Amino acid sequence: MSESKVALVTGANKGIGYEIARALGETGATVLVGARDAERGAAAAEKLSADGAAAVALQLDVTDPLSVTAAAALVERMYGRLDILVNNAAVLIERGQAPSRTPLEMLARTYATNVYGVVAVTNAMLPLLREAPAGRIVNLSSGLGSMALTGDPEGPYPGRGCWRTTRRRARSTRSRSRTRTSCGTRRSR
Ligand SMILES: NC(=O)c1ccc[n+]([C@@H]2O[C@H](COP(=O)([O-])OP(=O)(O)OC[C@H]3O[C@@H](n4cnc5c(N)ncnc54)[C@H](OP(=O)(O)O)[C@@H]3O)[C@@H](O)[C@H]2O)c1
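Counting in full-length UniProt numbering, the sequence shown runs from 1 upward without gaps.
Structure, rendered in structure tokens:
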């Protein structure tokens, strides 16, 4: 069994996920760089490794059940456990759309990644998290997940109730997790 912590970050080939992977690597953790595109994942892992992190690319499309199952099987085979799961992968395809004009197809794609993807990956990784001495799940959220902000008519997201549902649903999948929002960190069991 690996001595260092094993962390998986979904959507880690760029953006915030990449930076989380980098920061976890700096702590000495072995970082599994989740990426739906294997080449982009490999390039990110290579860059992180060049900077001194123990980074390993892991093909993981959170909307693809086969990919999720294969990723969990690989983590089990290689490490036998998972210490940290960071559900970071998300899409923002509805930017600029009024909720009343958002096509259902767009909403479905958003849910597939931001909600069902979180549930699928979490459920697949739970047995491995339970093998860790102190498994942790971190779900990335956003201001759109804040009831206070989206419920405030004077706030930055007036009338964005439908997006609030996706973030709230993702949150409802939490099991002993932390949800990060732009408003702070909340802990729950
Ligand atoms: N940026 C912000 O201002 C902000 C604010 C609040 C919250 N957040 C949250 O922070 C997280 C990261 O945001 P970001 O700005 O870094 O986004 P980003 O730059 O768009 O990166 C999103 C990552 O998710 C991946 N991804 C998308 N669909 C996927 C799928 N089906 N399976 C696996 N990976 C998938 C993307 O992969 P590809 O490269 O293949 O597309 C990419 O690696 C999200 O959860 C977002 O909601 C961001």
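Note that beta-carbon positions come from the ideal geometry of N, C-alpha and C, so glycine has one too. Remember, it's a predicted structure, so these values are computed and weren't measured experimentally.
Item, Value
"Examine ligand 1 and report whether any of its heavy atoms sits within less than 7 Å of the Cβ of V86.", "no"
"Could you check if I20 is buried or exposed, using at least 16 other CB atoms within 10 Å of its CB as the buried criterion?", "buried"
"Helix, strand or coil for N87? Go by DSSP, reduced to three states.", "strand"
"Just the Cα atoms here: how many angstroms apart are residue 248 and V6?", "Here the chain comprises residues numbered 1 to 189, so residue 248 is not present and cannot be evaluated."
"S4: beta carbon under 7 Å from a heavy atom of ligand 1?", "no"
"Could I get the ranges of all uninterrupted alpha helix (DSSP H) runs contained in the stretch 20-101, with 4 residues as the minimum, in chain order?", "38-50, 65-79"
"Roughly how many angstroms lie between the CA atoms of A50 and P99, to the nearest whole one?", "43 Å"
"Select from N88, E154, Q97 the residue whose C-alpha is nearest the C-alpha of G15.", "N88"
"My guess is that G135 and L82 are in contact by the Cβ rule of under 8 Å, so how many angstroms apart are they, rounded?", "7 Å"
"What are the partner residues of R136, as DSSP defines its beta bridges?", "I84"
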